[in-house]
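Q: Each residue of the sequence shown is one higher than the one before, counting from 252 in the numbering used here.
I'd like to ask you about the structure that follows.
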Amino acid sequence: MSGSSLDGLDLAVCRIRLDAGAENLVPDWEIVAAETDPFPPVWRARLRSAPGLPGRELWRLHADLGHWIGRRAQNFLARHPALSVSLAGSHGHTIFHDPERRFTTQIGDGAAIATTLGLPTVTELRGSDVAVGGQGAPLAPLADKYLFPEYDGFLNLGGIANLSLRRSNGNYVAGDISGCCQILDRLAAREGLPYDAGGALAYGGSPAPAFAHKIAALPFHQLPYPKSLGNAWVRESLWPLLDDHGVPAADLLHTFTRWLAKKIAYDLGFLGADAGEKEVFKSSEKPRRILLTGGGIHNDFLVRQLRATQDADHPDFDFIIPDIVTADFKEAALIALAALLRQHGLPNALSSATGAPRETVNGALFYG
Numbered sequence: 252m253s254g255s256s257l258d259g260l261d262l263a264v265c266r267i268r269l270d271a272g273a274e275n276l277v278p279d280w281e282i283v284a285a286e287t288d289p290f291p292p293v294w295r296a297r298l299r300s301a302p303g304l305p306g307r308e309l310w311r312l313h314a315d316l317g318h319w320i321g322r323r324a325q326n327f328l329a330r331h332p333a334l335s336v337s338l339a340g341s342h343g344h345t346i347f348h349d350p351e352r353r354f355t356t357q358i359g360d361g362a363a364i365a366t367t368l369g370l371p372t373v374t375e376l377r378g379s380d381v382a383v384g385g386q387g388a389p390l391a392p393l394a395d396k397y398l399f400p401e402y403d404g405f406l407n408l409g410g411i412a413n414l415s416l417r418r419s420n421g422n423y424v425a426g427d428i429s430g431c432c433q434i435l436d437r438l439a440a441r442e443g444l445p446y447d448a449g450g451a452l453a454y455g456g457s458p459a460p461a462f463a464h465k466i467a468a469l470p471f472h473q474l475p476y477p478k479s480l481g482n483a484w485v486r487e488s489l490w491p492l493l494d495d496h497g498v499p500a501a502d503l504l505h506t507f508t509r510w511l512a513k514k515i516a517y518d519l520g521f522l523g524a525d526a527g528e529k530e531v532f533k534s535s536e537k538p539r540r541i542l543l544t545g546g547g548i549h550n551d552f553l554v555r556q557l558r559a560t561q562d563a564d565h566p567d568f569d570f571i572i573p574d575i576v577t578a579d580f581k582e583a584a585l586i587a588l589a590a591l592l593r594q595h596g597l598p599n600a601l602s603s604a605t606g607a608p609r610e611t612v613n614g615a616l617f618y619g
């Protein structure tokens, strides 16, 4: 898995047992090895430039990235010779995502990965859902349902923040909330930093309410769930509102982080229903358990602001950070599960989360 933050390639070996005839499709699973392989500067630059490339150069990048992913995965497996791997899955790097026009593009040639690894490889995990009219996102509720049934909801604080919440009928309402680490990292870069470690810059900043109002007014933030957005929206719609060098980066970080925490809490508690209306999730005696994952969990200021949205005596949500391996590699495990389901011809996108009219089997399977 490589996310929109461009921090690196998340590599994980997962052991997953399927039981297609059982009520619980995945009786047990585990991550047995995992690491993040940082993107070299040249690859960060190439992937950042990808949306503006002409077709021929974009397709060259697609092939080059597939070969590079294959080599990095091959090196990773060589460090774990005792592990016997039978299948590879790769999400690829998202370049375009426009489900309203029924297309989505993730690059990283699956044939190149399969050839390099000598393993069956599944890629292109969003296309069938988009083709039938779904958002093709989020994919995460697949892992939420089968790998983490003990939680009520999930919040991924990655390059883009997204959520899913289990309804009383067992279905999931899910979608993208807004930009997250992409924005935080861009603002930290103004201070010569790769990211705002621990949220220290944001903590030292001051509120800039005018910016919060402009961010809140973006049309996407008013749309009902399910909904999804792409990196282009973050670059072209959200970032220009914060790209103001007349305001200290710390103030913009402080303002955006506090706004995002409040937006997340609002959306969790007041979600879009199927008909485009809103439904309030009734509070139970116990707070709903929300699993936090993604790079944003390392931003202490963001996590503190998120928890501060709850009534200390009667919280609606309990935000739980799991062990670091689960927190950092949940999405890699998701891709492993999606690839395995594709190999078995089983649906691997939840239509209740993506808005698709029916379940779909997503992915192209290449043989090594």
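We put the beta carbon where it would ideally sit given N, CA and C, even for glycine.
#1: What three-state label does DSSP hand ALA526 in the structure shown?
#2: Using three-state DSSP, classify VAL373 as helix, strand or coil.
#3: Given ASP525, which residues of its chain have a CB within under 6 angstroms of its CB, disregarding the five upstream and five downstream residues?
#4: Leaving out the 5 sequence neighbours to the left and right, which residues in its chain are closer than 6 angstroms to ALA193 when beta-carbon positions are compared?
#5: Three-state secondary structure (DSSP) at GLY426?
#6: Report the three-state DSSP secondary structure of LEU503 (helix, strand or coil).
#7: Am I right that LEU543 and LEU408 are in contact with their C-beta atoms under 8 angstroms? What's the rounded C-beta distance?
#8: Evaluate GLU308 with the Cβ neighbour count: other Cβ atoms within 10 Å of its Cβ, from every protein chain shown; 16 or more gives buried, anything less gives exposed.
#9: Let me know if ILE364 comes out buried or exposed under the rule of 16 or more other beta-carbons within 10 Å of its beta-carbon.
#10: Name the DSSP beta bridge partners of GLY259, please?
#11: For ARG609 and chain D, any beta-carbon pair shorter than 8 angstroms?
#12: Output needed for LEU452: all residues of its chain with C-beta closer than 7 angstroms, excluding positions within five of it in sequence on either side, in chain order.
#13: Quick test of the definition: if touching needs 3 or more C-beta pairs under 8 angstroms, does the segment 289-302 touch the segment 585-596?
#14: Within the segment 520-604, note down every full alpha helix (DSSP H) run reaching 4 residues or more, in order along the chain.
#15: If the criterion is Cβ atoms closer than 8 angstroms, does the pair TYR476 and GLY404 meet it?
#16: What is the rounded straight-line gap between the Cα of GLN473 and the Cα of ALA362?
#17: Taking contact to mean 3 or more Cβ pairs, one atom from each stretch, closer than 8 angstroms, check whether the segment 337-352 and the segment 272-287 are in contact.
#18: Check the DSSP bridge columns for GLN357 and list the partner residues they point to.
#19: Based on the DSSP secondary-structure assignment, which residues constitute the bridge partners of GLY404?
#20: For the candidate residues GLU286, SER256, LEU269 and GLY272, whose alpha-carbon lies nearest to that of ALA583?
#21: Which of the three DSSP states, helix, strand or coil, is assigned to GLY340?
#22: Is DSSP giving ASP495 helix, strand or coil here?
#23: Under 8 angstroms: do the segment 372-391 and the segment 457-471 share three or more Cβ pairs, one atom per stretch?
#24: Distance, Cα to Cα, THR466 vs ALA314?
#25: When the Cα atoms are used, what is the spatial distance from VAL383 to SER603?
#26: Tell me ARG297's beta-bridge partners as DSSP assigns them.
#27: Could you tell me the alpha carbon to alpha carbon distance between LEU553 and TYR618, rounded to whole angstroms?
#28: On a Cα-Cα basis, can you pick out the residue from CYS431, ARG266 and TRP319 that is closest to PRO291?
#29: How about ILE548 and ILE571: are their beta carbons less than 8 angstroms apart?
#30: Please report the Cβ distance between ARG539 and ASP567, rounded to the nearest whole angstrom; I am assuming they are in contact, meaning their Cβ atoms lie under 8 angstroms.
#31: Buried or exposed, going by whether 16 or more other CB atoms sit within 10 Å of the CB of ALA448?
#32: May I ask which residues mark the beginning and end of the beta strand (DSSP E) holding PHE617?
#33: Does DSSP put ASP279 in a helix, a strand or coil?
A: The short version:
#1: Because ALA526 sits at a pLDDT of 31, beneath the cut-off of 50, its placement in the model cannot be relied upon, and the point is left open.
#2: strand
#3: Low local confidence applies: a pLDDT of 36 at ASP525 is under 50, so the model's placement there is unreliable, and no value is given.
#4: This structure cannot speak to residue 193, because the chain is shown only from 252 to 619.
#5: strand
#6: helix
#7: 7 angstroms
#8: exposed
#9: buried
#10: PRO289
#11: Protein chain content of the structure displayed is limited to a single chain, and chain D is not contained in it.
#12: ALA439, GLU442, ALA500, ALA501 and LEU504
#13: no
#14: 551-559 and 575-594
#15: no
#16: 40 angstroms
#17: no
#18: THR345
#19: LEU416 and ILE541
#20: GLU286
#21: strand
#22: coil
#23: no
#24: According to the sequence provided, residue 466 is Ile. The question's Thr does not apply to it. Their Cα atoms are separated by approximately 37 angstroms.
#25: 13 angstroms
#26: According to DSSP, ARG297 bridges with nothing at all.
#27: 43 angstroms
#28: TRP319
#29: no
#30: 7 angstroms
#31: exposed
#32: 615-617
#33: strand
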